[in-house]
Amino acid sequence: MAKKIKTFRPKPRVPKGLRDEMAADVIGQRKMLAAIAHVYELYGFDPLETSGLEYSDAMGKFLPDADRPNQGVFSFQDDDDQWLSLRYDLTAPLARFVAENYDALPKPFRRYQMGPVWRNEKPGPGRYRQFTQVDADTVGTPSMAADAEMCMLMCDAMEAIGIERGDYEVKVNNRKILDGVLERIGLNLEDPDNQVQRLTVLRAIDKLDRLGEEGVERLLGEGRKDESGDYTEGAKLSPEQINAVMSFVRAGNEARSAVCDQLAAIVGESEIGGEGVSELREIDTLLSAAGYGADQVVFDPGIVRGLEYYTGPVWEIDLTFETIGEDDTLARFGSVGSGGRYDGLVERFKGVRVPATGCSIGVSRLYAALKALGKTDESGARGPVVVLVMDASETAGYQTMVQELRKSGIRSELYLGGSGMKAQLKYADRRGASIVVIEGEDEREKGELTLKDLILGSEMSKDIEDNKAWREDQPAQVSVKRADLVSGVRSLLDRYKGNENL
RNA sequence: GCCGCCUUAGCUCACCCGGUUAGAGCGCUAGAUUGUGGAUCUAGAGGUACCCUGUUCAAGUCAGGGAGGCGGUACCA
């Protein structure tokens, strides 16, 4: 008796928080990345590619975060029971790589790396569980010149991909200044009892651009309830402490050196704070000497960034232009990259303190912004020249044509399906092909080919309503001798040179 | 992590108070058109109503749970 066997049919679906990327976006991003890589190499950074997986212990957190010890990482055990994790950024693998090859590497060591990273967390608007980062880091120097260079690098990268000056802004702060301010209000760095409160204060400051001064004040005090009803516990500072922090946050909006003066006054005689201010002054001097003005890099006390390991200057690159989204509201892209100085990273492995500084750019967000600006280059996403199969017994001849085109560097393909001419043209249209090559019996007898310009034909169709006319006109077709296949196709293609997104 | 909204054809969405065979537009396939992508007309294919459990004579519709999507918030290395 044949039993009805239920065949298991998996639902085809991309896993949550992940997505597939189609040709146009793949090509557009590839070009954007190439432009960025070019800038990085100009600066002397060498490319490095590390593995996507690391031993979990090598990627552990660098400082304990009280809130969530080791969440957000995809991990599994291999057959030796070793724990492996997908990398969640490119900096931890760099630290491992440097520690592992420490003696063999030139120091300072400069590398850039681009590639996907994975985070096991809830996806949100514009946030995925796999995304691409581009990092550049200099390991092994305490010099502020390395930090200043990171700022320049990010500016140059923005301009290289077509984001104009004024549409981006690198915002710089220094963790030492933040420490100085906290010290002044009585939250000393050394005292472990202050840790949670210190983190809360820093997080509150970081939210200035989104919540405004009032929201930050609430978070510094009792706490804040948001629209969805969720309550965020505050730092429980006294009114005097809140005032001190707010006056710090309000500094800025002036020339870099003037911001430094303000900050110097706020940190007072705090030693760590003073150190932070003089580091900023040094960066200012270097940037100014290199011609990077206030329209590119500013000092902004509201920048905090991650709380785990930054030890000195920190920065963030923001896109400042506004776009009209699909729902007609103005939208800002905001931060597309960040970085800073992290002097403690390699120490986990080597026991010695190795000063390092770097930056990281988030590719998808940046690409979305480029798209909004209409600055993406998706040419090449255009389909190939398609050679139609009018007579299956002549396939070898058609194949020969395709090879001739390919040898001349023209992207082309033979129609490989089994349908009739109408369907083949539809296919070519769907593929975005600009030209089809037709050799039927009529042409073959005359030793000719018909080349059909699909782009021009599509333009012409706008003015033709009558199907008979549309067909009889055989719009946008030319005949060429069989021997002139390549030159004929090329001269048609040349029409669209430099206008490839038509 | 917390809060809210959502999930029906490839896509965008209907289906009233739970009641027969779940519909439309677009798209797709084909014909009108012997060898021409658009337009027009005609025909056709396409569904486990996200999954599980329950209530009911009866569930796409009601209840509970789960998954996924969207948005806010938290976190963001």
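Add 38 to the 1-based position in the first sequence for this note's numbering, that's all there is to it.
C-beta atoms are modelled at their ideal positions from N, C-alpha and C, and glycine is treated no differently.
Which residues in the same chain have their Cβ closer than 7 angstroms to the Cβ of valine 155, if we skip the five residues on either side of it in sequence? Excluding five sequence positions before and after valine 155, the CB atoms of its chain that fall closer than 7 angstroms to its own CB belong to Arg125, Tyr126, Asp127, Leu128, Phe169, Gln171, given in chain order.
Would you mind working out which of Glu202, Asp264, Met97 sits nearest aspartate 333, comparing C-alpha positions? The candidate whose alpha carbon is nearest that of aspartate 333 is Glu202.
If we count the other Cβ atoms within 10 Å of its Cβ and call it buried at 16 or more, is glycine 526 buried or exposed? Glycine 526 comes out buried.
Using DSSP's beta-bridge definition, name the partner residues of isoleucine 465. The sequence as given places tyrosine at residue 465; isoleucine does not occur at that position. Looking at the DSSP assignment, tyrosine 465 forms no beta bridge with any residue, so it has no partner.
Can you tell me whether serine 113 is buried or exposed, with buried defined as 16 or more other CB within 10 angstroms of its CB? By the 10 Å Cβ count, serine 113 comes out exposed.
So isoleucine 199 and valine 283 are supposed to be a Cβ contact under 8 angstroms. How far apart are they, rounded? Cβ-Cβ separation between isoleucine 199 and valine 283: approximately 37 angstroms, too far for a contact (criterion under 8 angstroms).
Which listed residue (Arg379, Lys500, Gln233, Arg370) has its alpha carbon closest to that of leucine 318: Considering only alpha carbons, the answer is Arg379.
State the DSSP-derived secondary structure class of glycine 218, mapped to helix, strand or coil. Glycine 218 falls in the helix class under three-state DSSP.
Distance between methionine 188 and arginine 391 (C-alpha atoms, nearest Å): In this structure, the alpha-carbon of arginine 391 lies about 21 angstroms from that of methionine 188.
Environment of glutamate 354 [buried if 16+ CB atoms lie within 10 Å]: With 16 or more other Cβ atoms within 10 Å, it is buried.
Does DSSP classify arginine 57 as helix, strand or coil? Three-state DSSP puts arginine 57 in coil, outside helix and strand.
Hey, how far is the Cα of tyrosine 465 from the Cα of lysine 490? Answer to the nearest angstrom: the Cα atoms are 14 angstroms apart.
With three or more beta-carbon pairs closer than 8 angstroms as the criterion, would you say the segment 444 to 463 touches the segment 420 to 435? Flag = yes, the segment 444 to 463 and the segment 420 to 435 touch.
Considering only C-alpha positions, which residue in the set Ile74, Thr238, Glu59, Lys413 is nearest to tyrosine 166? It is Glu59 whose Cα lies nearest to the Cα of tyrosine 166.
To the nearest angstrom, report how far apart lysine 209 and glutamate 271 are at their CA atoms. One Cα belongs to lysine 209, the other to glutamate 271, and the distance between them is close to 28 angstroms.
Could you check which residue in Gly110, Ser123, Asp116 has the C-alpha nearest to that of aspartate 95? Distances from the CA of aspartate 95 to each of Gly110, Ser123, Asp116 were compared; the closest alpha carbon is that of Ser123.
List the endpoints of the continuous alpha helix (DSSP H) containing asparagine 211. Going by DSSP, asparagine 211 is part of no alpha helix (DSSP H) but of the beta strand (DSSP E) stretching over 206 to 212.
Candidates Tyr534, Tyr347, Arg386, of which the one nearest alanine 137 by Cα: Taking only the C-alpha atoms, the option nearest alanine 137 is Arg386.
In chain order, which continuous runs of the beta strand (DSSP E) of length 3 or greater are located wholly inside the segment 441 to 501? Within the segment 441 to 501, the complete beta strand (DSSP E) runs of at least 3 residues fall at 450 to 452, 473 to 476, 486 to 491.
Proline 513: buried (16+ other C-beta within 10 angstroms of its C-beta) or exposed? When all chains shown are included, proline 513 counts as buried.
Taking the alpha carbon of glutamate 432 as the point to measure from, which residue in Asp522, Leu143, Val384, Glu481 has its own alpha carbon closest? The residue among Asp522, Leu143, Val384, Glu481 with its C-alpha nearest the C-alpha of glutamate 432 is Glu481.
Considering glutamate 252, what are the terminal residues of the beta strand (DSSP E) in which it resides? Note, glutamate 252: premise wrong, no beta strand (DSSP E); alpha helix (DSSP H) at 246 to 258.
Cβ-based neighbour list, leucine 257, same chain, cut-off 6 angstroms, excluding 5 preceding and 5 following: Closer than 6 angstroms at the Cβ level, and outside the excluded window around leucine 257, lie Ala242, Gly272.
Rounding to the nearest angstrom, what Cα-Cα distance links glutamine 67 and methionine 192 in this structure? So the alpha carbons of these two residues sit roughly 17 angstroms apart.
Looking at the structure shown, is glutamine 279 part of a helix, part of a strand, or coil, going by DSSP? Helix.
Nearest-angstrom Cα distance between glutamate 255 and isoleucine 215? Looking at the two C-alpha atoms, the distance is approximately 19 angstroms.
Need the endpoints of the beta strand (DSSP E) that proline 154 sits in, please. Where proline 154 is concerned, the enclosing beta strand (DSSP E) starts and stops at 147 to 156.
Between serine 308 and the rest of its own chain, which residues show a CB-CB distance below 7 angstroms, the 5 nearest in sequence each way excluded? Counting only Cβ-Cβ distances below 7 angstroms, and skipping sequence neighbours, we find Gly218, Glu221, Arg222.
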